[in-house]
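Following: one structure in structure tokens, then a few remarks.
In this note's numbering, the protein residues as written are 1178 to 1383.
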């Protein structure tokens, strides 16, 4: 897979050919179906699987990729917002630990996704990607039920920020999803209140 970072610091576009994306889609559903940590239809992971499916069905972004000497290969992309994709990866990684059987292919797909996303995150936040991902893993270790209740308001707040603020506050936004919550956090809980009952993300610069 490949990535294109959004200069707005809102997230990235993940690209892959039909085989890479179908492998990712199958893997996400396998983790949801077989991990004791997760609900069968975890909303965050179901949303990710849906975006992957829409991508390889040609309903998102389309382009071609050409390796040296090869014919152009169709590739398909889908949008990922930083707080969401980091938590989704965290849930997948944590979910693997609660599966009775994990294959080499499962690990390969997981590592490929992590490598692609974290390499992109390092472009925006040089040297910070591993620590940000560790925070997402901390939030994910108890499963998705609690996160699914609160991540919408966090993502809404993140999207209302200016590009420089998104870069600077991503870590603090992720911290509010962990057990530490707002302890020593510059973000106050009141900023999330306007978005707690929303159904759509506010208008934002992608």
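Each residue gets a CB set at the ideal place from its N, CA and C atoms; glycine is no exception.
Going by the CB atoms, is the gap between residue 1260 and residue 1364 shorter than 8 Å?
Stepping through the chain shown from its first residue, residue 1364 is reached at position 187. Stepping through the chain shown from its first residue, residue 1260 is reached at position 83. Contact flag unset, no.
What is the DSSP secondary structure of residue 1191, counted as helix, strand or coil?
The sequence position of residue 1191 within the chain shown is 14, counting from 1. Residue state, collapsed to three classes: strand.
Contact check, residue 1205 vs residue 1222, beta carbons under 8 Å:
Taking the first residue of the chain shown as 1, we reach residue 1205 at position 28. Taking the first residue of the chain shown as 1, we reach residue 1222 at position 45. Contact: yes.
Let me confirm a value: residue 1308 is counted as buried when at least 16 other C-beta atoms fall within 10 Å, else exposed. Which label applies?
Along the chain shown, one-based indexing puts residue 1308 at 131. Exposed, since its Cβ has fewer than 16 Cβ neighbours within 10 Å.
For residue 1249, which of 1323, 1289 and 1239 has the nearest alpha-carbon?
Working through the chain shown from its first residue, we reach residue 1249 at position 72. The shortest Cα separation from residue 1249 among 1323, 1289 and 1239 belongs to 1239.
Look at the alpha carbon of residue 1273 and the alpha carbon of residue 1324, and state the distance between them as a whole number of angstroms.
For the purposes of this step, residue 1273 is identified with residue 96 of the chain shown, where counting begins at 1. For the purposes of this step, residue 1324 is identified with residue 147 of the chain shown, where counting begins at 1. For residue 1273 and residue 1324, the distance between alpha carbons rounds to 18 Å.
Buried or exposed: which applies to residue 1265, given that a residue is buried once 16 or more other Cβ atoms fall within 10 Å of its Cβ?
As a working mapping, residue 1265 is identified with position 88 in the chain shown. Label assigned to residue 1265: buried.
How is the beta strand (DSSP E) around residue 1352 delimited, first residue to last?
Position 175 of the chain shown, counted from the start, is the residue given in the question as residue 1352. Where residue 1352 is concerned, there is no enclosing beta strand (DSSP E), although the alpha helix (DSSP H) it sits in stretches over 1340–1352.
What are the boundary residues of the beta strand (DSSP E) that residue 1255 is part of?
Counted from its first residue, the chain shown places residue 1255 at position 78. It spans 1250–1258 - the beta strand (DSSP E) in which residue 1255 sits, taken as one unbroken run.
Mind the definition here: the stretch 1211–1230 touches the stretch 1268–1286 only if three or more C-beta pairs lie below 8 Å; say whether that holds.
yes
In the DSSP output, which residue or residues are listed as bridge partners for residue 1239?
As a working note, residue 1239 is residue 62 in the chain shown. In the DSSP output, where bridge partners are listed per residue, residue 1239 has 1253.
Quick one: residues in its chain with C-beta nearer than 7 Å to the C-beta of residue 1353, no 5 flanking neighbours on either side, listed in chain order?
For the purposes of this step, residue 1353 is taken as the residue at position 176 of the chain shown. 1331, 1359, 1362 and 1364, listed in sequence order.
Straight-line gap, residue 1370 to residue 1251 (C-alpha atoms, nearest Å):
On the chain shown, position 193 is the one that residue 1370 refers to. On the chain shown, position 74 is the one that residue 1251 refers to. If I take the Cα positions, the gap works out to 43 Å.
Can you tell me the Cα-Cα spacing of residue 1383 and residue 1214, whole angstroms?
Position 206 of the chain shown, counted from the start, is the residue given in the question as residue 1383. Position 37 of the chain shown, counted from the start, is the residue given in the question as residue 1214. Each residue's alpha carbon lies about 33 Å from the other.
Can you tell me the Cα-Cα spacing of residue 1198 and residue 1191, whole angstroms?
Numbered from 1 along the chain shown, position 21 holds the residue referred to as residue 1198. Numbered from 1 along the chain shown, position 14 holds the residue referred to as residue 1191. Those two C-alpha atoms are separated by around 10 Å.
Of all the options 1217, 1256, 1243 and 1244, which has the alpha carbon lying nearest to the alpha carbon of residue 1236?
Residue mapping note: residue 1236 aligns to position 59 of the chain shown, counting from 1. For residue 1236, the nearest C-alpha among the options comes from 1256.
Suppose the cutoff is 8 Å on Cβ atoms and the five residues either side in sequence are ignored; what does the same chain contact list for residue 1180 look like?
For the purposes of this step, residue 1180 is taken as the residue at position 3 of the chain shown. The answer, listed in chain order, is 1189, 1190, 1191, 1192, 1293, 1294, 1296 and 1297.
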